[in-house]
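**Student:** Dumping the structure here so I can ask a few things about it.
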Amino acid sequence: MANSASGESVIERVVKIMEAFSKGNPRLPLRELVRVTGMSSSTVHRLANDLAASGLLERDQSGDYGVGARMWELASRSNPLEDFRRRGLPFLEGVHAAVREHVSLSVPDVESGSVLYLERLDRHGTVMNLAEVAGRLEIHSTSSGMAMMAHMPGYVQERFLAGTLKKTTPATETDPARLRKQLAHIRELGYARMAGVLVAENTAYAVPVFGEGHSVIGAIAVVVPSAEENPGLILPVLVAAGRGLSRTMGAERRPYGTRPWLESPGK
Numbered sequence: 001m002a003n004s005a006s007g008e009s010v011i012e013r014v015v016k017i018m019e020a021f022s023k024g025n026p027r028l029p030l031r032e033l034v035r036v037t038g039m040s041s042s043t044v045h046r047l048a049n050d051l052a053a054s055g056l057l058e059r060d061q062s063g064d065y066g067v068g069a070r071m072w073e074l075a076s077r078s079n080p081l082e083d084f085r086r087r088g089l090p091f092l093e094g095v096h097a098a099v100r101e102h103v104s105l106s107v108p109d110v111e112s113g114s115v116l117y118l119e120r121l122d123r124h125g126t127v128m129n130l131a132e133v134a135g136r137l138e139i140h141s142t143s144s145g146m147a148m149m150a151h152m153p154g155y156v157q158e159r160f161l162a163g164t165l166k167k168t169t170p171a172t173e174t175d176p177a178r179l180r181k182q183l184a185h186i187r188e189l190g191y192a193r194m195a196g197v198l199v200a201e202n203t204a205y206a207v208p209v210f211g212e213g214h215s216v217i218g219a220i221a222v223v224v225p226s227a228e229e230n231p232g233l234i235l236p237v238l239v240a241a242g243r244g245l246s247r248t249m250g251a252e253r254r255p256y257g258t259r260p261w262l263e264s265p266g267k
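For the sequence shown, the working numbering gives the first residue as 1, with consecutive numbering after it.
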């Protein structure tokens, strides 16, 4: 693939353009694409027009660019993440109907140390939830990330613990030794509970979702205002959903943890 003067391939430059768009910036003029990507105006103009001609981008009457329907079509046609999201949605809807709080479905991206959110159902009200569909958050700062990491192979956990871990709030744990103990505790209980770690006023619960071979493939999480926390309501529904979706994804039947999940949720 031909490279630019900067050494970037065409694919890398196209990815830069596609990454410029977000929920907050769904449409961008050429000058903003140039600024965000750091590429020359002529390069961005040429690539953006080629992408628009193929339907991967679209251009409105004002000349601004946005992600085209063709991109969604190609990404959805045979994407395993879309299949997981589709299968998981009924379970999320069941949890949401029972607890009436933020509920999300996510998958791990171990290489980047992040959690990728596939679906989210919102609580009515003002509670803050930083998880967005197609958005990412760091593994150690989310209940979903920790619930999944607790069931990863040991070498994956050690690589994760050796990485750079940043604090989001004063309650965010970044010490590898203490995180290692947390992962063991989560694995023992079968769920993760994290209070004030991502948003100071919130508490989040998550359970892992397993696939074939009983490998962890995702997580279902519930986020509640800490002042309204009710584990006796949340945990039975959340655990049932995690088990149900795991069976749907081909996991064998196994207990979620070695201790009763309704005992003290721990810290």
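Every residue gets a Cβ at the ideal spot worked out from N, C-alpha and C, and that includes glycine.
Just to check my reading of the structure: Val107 and Gly145 have Cβ atoms closer than 8 Å, yes? What is that Cβ distance to the nearest angstrom?
**Tutor:** The pair is not a contact, with the Cβ atoms about 10 Å apart (cut-off 8 Å).
**Student:** Can you list, in chain order, the residues of its chain with a C-beta nearer than 6 Å to that of Pro208? Leave out the 5 residues immediately preceding and following it.
**Tutor:** Closer than 6 Å at Cβ, skipping near neighbours: Ala147, Met148, His151, Val216 and Ala219.
**Student:** Hey, out of Ile11, Val103 and Ala52, whose CA is closest to Asp64's CA?
**Tutor:** When each option's Cα is compared against that of Asp64, the closest is Ala52.
**Student:** Measuring straight from C-alpha to C-alpha, what distance separates Ala251 and Ser9?
**Tutor:** Cα to Cα, the separation comes out at about 40 Å.
**Student:** Following the continuous alpha helix (DSSP H) through Glu111, name the residue where it begins and the one where it ends.
**Tutor:** From DSSP, Glu111 is part of no alpha helix (DSSP H); its letter is neither H nor E.
**Student:** Give the DSSP bridge partners of Val193, in chain order.
**Tutor:** Reading off the sequence, residue 193 comes out as Arg, not Val. DSSP output for Arg193 lists Tyr205 as bridge partner(s).
**Student:** Since I believe Leu179 is in contact with Tyr205 (beta carbons under 8 Å), could you give me their beta-carbon distance rounded to a whole number of angstroms?
**Tutor:** Wrong, their Cβ atoms sit about 18 Å apart, outside the cutoff.
**Student:** Since Leu81 and Leu105 should fall inside the 8 Å C-beta cutoff, what is the C-beta to C-beta distance between them, to a whole number of angstroms?
**Tutor:** With 8 Å as the limit, Leu81 and Leu105 do not qualify as a contact, their Cβ atoms being about 10 Å apart.
**Student:** What does DSSP give as the partner residue(s) for Arg136 in the beta ladder?
**Tutor:** DSSP, once it has assigned bridges, lists Leu116 as partnering Arg136.
**Student:** Just the C-alpha distance for Ala227 and Leu245, rounded to the nearest angstrom, thanks.
**Tutor:** In a straight line, the C-alpha of Ala227 is about 29 Å away from that of Leu245.
**Student:** Just reading off the beta strand (DSSP E) that Ala221 is part of, what are its end residues?
**Tutor:** Start and end: Val216 to Pro225.
**Student:** Please state whether DSSP places His151 in a helix, a strand or coil.
**Tutor:** Coil at His151, not helix or strand.
**Student:** If you drop the 5 nearest sequence neighbours on each side, which residues of the same chain put their C-beta closer than 6 Å to that of Pro153?
**Tutor:** Taken in chain order, the list of residues that qualify is empty.
**Student:** Can you give the Cα-Cα distance for Val67 and Ser78, rounded to whole angstroms?
**Tutor:** Rounded to whole angstroms, Val67 to Ser78 spans 19 Å at the Cα level.
**Student:** Quick one: what's Arg59 bridged to in DSSP?
**Tutor:** In the DSSP output, where bridge partners are listed per residue, Arg59 has Tyr65.
**Student:** If Val199 sits next to Val103, beta carbons under 8 Å apart, how far is it from one beta carbon to the other, in whole angstroms?
**Tutor:** Not quite, the Cβ-Cβ distance comes to about 16 Å (not below 8 Å), so this is no contact.
**Student:** Give the DSSP-derived three-state secondary structure of Leu28 in the structure shown.
**Tutor:** Strand, per DSSP.
**Student:** Give the DSSP-derived three-state secondary structure of Phe84 in the structure shown.
**Tutor:** Helix, per DSSP.
**Student:** Do you know how far the Cα of Ser22 is from the Cα of Gly135?
**Tutor:** Approximately 9 Å, taken between the alpha carbons.
**Student:** In the DSSP assignment, find the alpha helix (DSSP H) that holds Gly7 and state where it starts and stops.
**Tutor:** No alpha helix (DSSP H) holds Gly7; DSSP gives it neither H nor E.
**Student:** Can you grab the Cα-Cα spacing for the pair Val44 / Ala69, in whole Å?
**Tutor:** Between Val44 and Ala69, the C-alpha separation is close to 20 Å.
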